[in-house]
Amino acid sequence: MTNKWSKLSLVILAMLLVLTACGSGAGTGNESASESGGKATGKQVTLTFWHHYSTASPEEKTLTGVLIPKFEAENPGIKVKAVAIPWEELHKKLQIGGSGGDLPDVARLDIIWVPEFQKRGLLQPLDEKFSDFNDIAKGLLEGPLSTAKVGEHYYGLPLNTNTKVLFWNKEMLTQSGIDKAPETAEEFFADLAQIKAKYDKSWGYGEPALQGWNILPWIWSNGGDVLSPDFTTADGFLNSQATIDIVTKLKAAYTSGQLAGFKPGDVPVTEGHAGGSYAMMAEGPWAVAQFQSQFGDFTFEMASFPKGSAGSIQVLGGEDLGIFSKDKQEEAWKFVKFMVSEAAQVEMGKIGQIPVNLDAMENNEIKAVAYYAPFLEQLKTAKARPPVDSWPQIDGVLSDTMSSIFMTDKDVKAELDAAVSKIDGLLKLNN
Numbered sequence: 056m057t058n059k060w061s062k063l064s065l066v067i068l069a070m071l072l073v074l075t076a077c078g079s080g081a082g083t084g085n086e087s088a089s090e091s092g093g094k095a096t097g098k099q100v101t102l103t104f105w106h107h108y109s110t111a112s113p114e115e116k117t118l119t120g121v122l123i124p125k126f127e128a129e130n131p132g133i134k135v136k137a138v139a140i141p142w143e144e145l146h147k148k149l150q151i152g153g154s155g156g157d158l159p160d161v162a163r164l165d166i167i168w169v170p171e172f173q174k175r176g177l178l179q180p181l182d183e184k185f186s187d188f189n190d191i192a193k194g195l196l197e198g199p200l201s202t203a204k205v206g207e208h209y210y211g212l213p214l215n216t217n218t219k220v221l222f223w224n225k226e227m228l229t230q231s232g233i234d235k236a237p238e239t240a241e242e243f244f245a246d247l248a249q250i251k252a253k254y255d256k257s258w259g260y261g262e263p264a265l266q267g268w269n270i271l272p273w274i275w276s277n278g279g280d281v282l283s284p285d286f287t288t289a290d291g292f293l294n295s296q297a298t299i300d301i302v303t304k305l306k307a308a309y310t311s312g313q314l315a316g317f318k319p320g321d322v323p324v325t326e327g328h329a330g331g332s333y334a335m336m337a338e339g340p341w342a343v344a345q346f347q348s349q350f351g352d353f354t355f356e357m358a359s360f361p362k363g364s365a366g367s368i369q370v371l372g373g374e375d376l377g378i379f380s381k382d383k384q385e386e387a388w389k390f391v392k393f394m395v396s397e398a399a400q401v402e403m404g405k406i407g408q409i410p411v412n413l414d415a416m417e418n419n420e421i422k423a424v425a426y427y428a429p430f431l432e433q434l435k436t437a438k439a440r441p442p443v444d445s446w447p448q449i450d451g452v453l454s455d456t457m458s459s460i461f462m463t464d465k466d467v468k469a470e471l472d473a474a475v476s477k478i479d480g481l482l483k484l485n486n
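Taking the numbering used here, the leading residue of the sequence shown gets 56, the next gets one more, and so forth.
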């Protein structure tokens, strides 16, 4: 009898333990935040956002102080961890992360990086993943939107667009006997000589680097190019006579002390322009924001980039937002949509980021930004860098070649021929 009741007690005890376990599991919060749609369920989803806004710049301050708090307030349960990484370091970090698995959920990408990371299978095809992609895309500028398309699909959304114009220091040019900004390349090089004659310890033009972003406008405007129209070779283009001629003129300006800014230790170009070190420079709208925030007493002037035989052709710039996340895609998509919304684009537009959102461009606060006019005019003839996945490597060859040409006595044509060989090798390797 005792044995029978003992067995019954054990059965009852086991049933109670099972019921207790089932009840305790109901509120553990073990479900993923992705499954809960990012709602406030007691578990937060944290999105990592890598970007290359300069630390403490107006753009970075607006991102972290205005936009992210607004997004988090509108999306309870989703937090955004923004990480500022310099442009070149960010590119390398994404390349390494793609191999090691350490990637952000969302990243602000230079438009030239999209084909590279798409080819490696790191970016999500947004038009395939999200049913409302077309609704969002139709509210954005067509040109910038096209920079995120590879093949038949879109692997990002444009965040901002830009190009560069010529900034000129009116006082320095006037003191040099020049009454207006140079309209042609011929006038530009003549002005450099006059400025140097007046300001021996300053330079007529500041150029912060020798990459495609910096050199291509000169080559394009002079009728040259870096690759063939079908992007299959550099031969006959990077080493064409048109390219040789303009690079030779730029080298002569550097050798004569009329051009500087790209060597380590040189005066930073934007700061140097405001401080009288460089009479002219080519920069984007972010320079205006920097002048206004750091050099309030400096009066800047802007004009179209000097025309060559092919016209005034600047480089099309801008950034796209790409989603790398595999497990927080819905939350990442919410953040991307927020960043291209009218409200977010207006906030960034007020501090120098040209909007891509069509409604934002019609917003009265954006229309009131008078200095956008010369950039919008220059955008009409701006040209994108070649959309090939090997462009970052090609850009490195171009930068190394220009450094060798400018800072040694090596023959310009011989150096360009050597670059052509390297670039054609990269094109074949990646096709």
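Heads up, the beta-carbon is just placed ideally off N, CA and C, and yes, glycines get one too.
A quick note: this is a predicted structure, and the numbers were derived from the prediction, not measured.
When DSSP states are grouped into helix, strand and coil, Ile-406 belongs to the coil group. Gly-156 and Lys-174 have their C-alpha atoms some 16 Å from each other.
Assigned with DSSP and collapsed to three states, Thr-103 falls in strand. Listed in chain order, the non-local C-beta contacts of Lys-253 below 7 Å within the same chain comprise Gln-230 and Ser-231, local neighbours out to five positions each way being set aside.
For the pair of segments examined, the segment 400 to 419 was found not to touch the segment 141 to 150: the number of CB pairs separated by less than 8 Å stays below three. One Cα belongs to Leu-293, the other to Thr-202, and the distance between them is close to 23 Å. Secondary structure at Tyr-309: helix, using DSSP grouped into helix, strand and coil.
Assigned with DSSP and collapsed to three states, Ala-162 falls in strand.
Taking 8 Å as the cut-off, the beta carbon of Ile-167 is found no closer than this to the beta carbon of Ser-276.
Taking a C-beta distance under 8 Å as the contact criterion, Pro-159 and Val-205 do not qualify as a contact pair. Looking at the DSSP output, Leu-282 shares a beta bridge with no other residue. Straight through space, the alpha carbons of Leu-282 and Pro-272 are spaced by roughly 14 Å.
In this model, Ser-311 and Met-462 are separated by some 12 Å (Cα to Cα).
Using a C-beta cut-off of 8 Å, the segment 132 to 144 makes no contact with the segment 346 to 365, since fewer than three inter-stretch Cβ pairs fall below that distance. Ile-140 sits in coil when the DSSP states are folded into three classes, being neither helix nor strand.
Selection His-146, Gly-120 and Asp-182 evaluated against Gln-384 yields Asp-182 as nearest (Cα-Cα). Membership of Ala-469 in the alpha helix (DSSP H) is indicated by the continuous run 467 to 484. Counting the other CB atoms within 10 Å of its CB gives Leu-431 a total below 16, which places it among the exposed residues. Counting the other Cβ atoms within 10 Å of the Cβ of Val-161 gives 16 or more, which makes it buried.
Separation of Thr-218 and Asp-375 (C-alpha to C-alpha, rounded to the nearest whole angstrom) is 15 Å.
The three-state reading of DSSP puts Asn-277 in coil, since its state is none of H, G, I, E or B. Linking Val-452 to Gln-266 through their CA atoms gives a straight-line distance of about 9 Å.
For Trp-168, no alpha helix (DSSP H) encloses it, and the DSSP letter there is neither H nor E. In the DSSP assignment, Val-324 falls within the unbroken alpha helix (DSSP H) covering 324 to 330. The three-state reading of DSSP puts Ala-342 in helix, counting H, G and I together. Taking the CA atoms as reference points, Leu-413 sits about 24 Å from Lys-184.
DSSP lists Gly-373 and Ile-409 as the beta-bridge partner residues of Thr-216. Out of Ser-476, Arg-440 and Pro-199, the CA that lies nearest to the CA of Gly-211 is found in Pro-199. The segment 417 to 428 makes contact with the segment 392 to 405, as at least three CB pairs between them are under 8 Å. Within a 10 Å sphere around the beta-carbon of Gln-179 sit 16 or more other beta-carbons, which makes this residue buried. The shortest CA-to-CA distance from Ala-437 to any of Leu-118, Ile-274, Glu-242 and Arg-163 is the one to Ile-274.
In the DSSP assignment, Gly-259 falls within the unbroken beta strand (DSSP E) covering 258 to 261.
Each residue's CA atom was taken as its position, placing Asp-187 and Asp-280 some 39 Å apart.
Around Ala-342, the same chain offers Thr-325 as residues with beta carbons nearer than 6 Å, after the five sequence neighbours per side are excluded. In the structure shown, Val-395 falls within a coil segment according to DSSP collapsed to helix, strand and coil.
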